[in-house]
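In UniProt numbering, the protein residues as written are 1 to 168. Glycine included, C-beta positions come from ideal geometry on N, C-alpha and C. From a predicted model like this one, the values you see are computed outputs, not experimental measurements. Below is one structure, written out as structure tokens; comments come after it.
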Amino acid sequence: MRNSKNEAFETIYRQHHPMVLQMCLGFVRGDKDTASDLSQEIFISVWNNLDKFRGASSYKTWIYRITVNTCLHYVKKDKKVRRLSSSEIENQTSIIDTEKTINDNIPKLYNAIGQLKRIDRLLIMMVLENQDYDSIAEVIGISPVNVRVKIHRIKKRLEKILKNNKDE
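Encoded structure:
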């Protein structure tokens, strides 16, 4: 007979695994194997702490925090994360032209995101996850207006990174 913790975990996993994997991909510059390992580590942490979840926030917010903390710990611990050279990045002048362009250029986008500061990586990954500014503000601990300003600046920085890689 299945217990309620197993059922709750399976539901949480199904609902949040794609988001967690995408966040991990952003932190590890598109390295799918490392992102998969990190997402597994995150869900082990979710499982181990599920009984401690107080409900002060949504599961999504709680899992975002676990994801961010796990990824930041990984980045600090493993300073040897491979950086792709600019010669590996194909020409691209815009981050978001069409959905097809995004899908075709995800590795290049993750590489560009990987060049951002850690907090900026977190913010843009949440935007890519279609999080609203209020949710992002809650996770990050800043105002929604500040989130909006930071996101605008991050997009400009990503455009500059992609353009500079095109020119090299």
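Hey, how far is the Cα of residue i from the Cα of residue j?
i, j, result
"Trp34", "Met125", "Note that residue 34 corresponds to Thr in the displayed sequence, not to Trp. The straight-line gap from Cα to Cα measures roughly 17 Å."
"Asn164", "Lys150", "21 Å"
"Ser39", "His73", "13 Å"
"Lys77", "Lys60", "25 Å"
"Gly30", "Ile42", "17 Å"
"Ser36", "Asn69", "16 Å"
"Ser57", "Val20", "17 Å"
"Lys32", "Arg153", "27 Å"
"Arg14", "Glu159", "33 Å"
"Arg82", "Pro18", "For Arg82, the predicted structure reports a pLDDT of 43, less than 50, and the residue's modelled location is therefore unreliable. A value from the coordinates is still provided. Answer to the nearest angstrom: the Cα atoms are 23 Å apart."
"Arg54", "Glu7", "18 Å"
Between the options, which lies nearest to residue i when the distance is taken from Cα to Cα?
i, options, result
"Leu50", "Val28, Glu129 and Glu10", "Glu10"
"Leu116", "Ile161, Val139 and Val145", "Ile161"
"His16", "Ile44, Tyr64 and Asp31", "Tyr64"
"Met23", "Arg121, Asp132, Ala137 and Ile142", "Arg121"
"Thr67", "Glu159, Lys155 and Val139", "Val139"
"Asn111", "Lys5, Lys52 and Arg157", "Arg157"
"Trp62", "Leu109, Glu7, Ile136 and His152", "Ile136"
"Lys52", "Pro18, Lys5, Met19 and Val75", "Lys5"
"Phe27", "Ala56, Lys155 and Gly114", "Gly114"
Going along the chain, which residues of its own chain have a beta-carbon closer than 7 Å to the beta-carbon of residue i, five neighbours each way excluded?
i, result
"Trp47", "Phe9"
"Tyr133", "Pro144, Val147 and Arg148"
"Val127", "Ile151"
"Arg118", "Leu72 and Val75"
Mark residue i as exposed unless 16 or more other C-beta atoms lie within 10 angstroms of its C-beta, in which case mark it buried.
i, result
"Ile44", "exposed"
"Asn130", "exposed"
"Lys108", "buried"
Counting along the chain, where does the alpha helix (DSSP H) carrying residue i start and finish?
i, result
"Lys32", "Lys32 to Asn49"
"Ile12", "Ser4 to Phe27"
"Ser135", "Tyr133 to Ile140"
"Leu123", "Arg118 to Leu128"
"Arg65", "Tyr59 to Lys77"
If you drop the 5 nearest sequence neighbours on each side, which residues of the same chain put their C-beta closer than 6 Å to that of residue i?
i, result
"Ile12", "Tyr59"
"Leu25", "Ala35 and Tyr110"
For residue i, collect the residues of the same chain with a Cβ closer than 8 Å to its Cβ; drop the 5 residues on either side in sequence, then sort them by chain order.
i, result
"Ile142", "Lys150"
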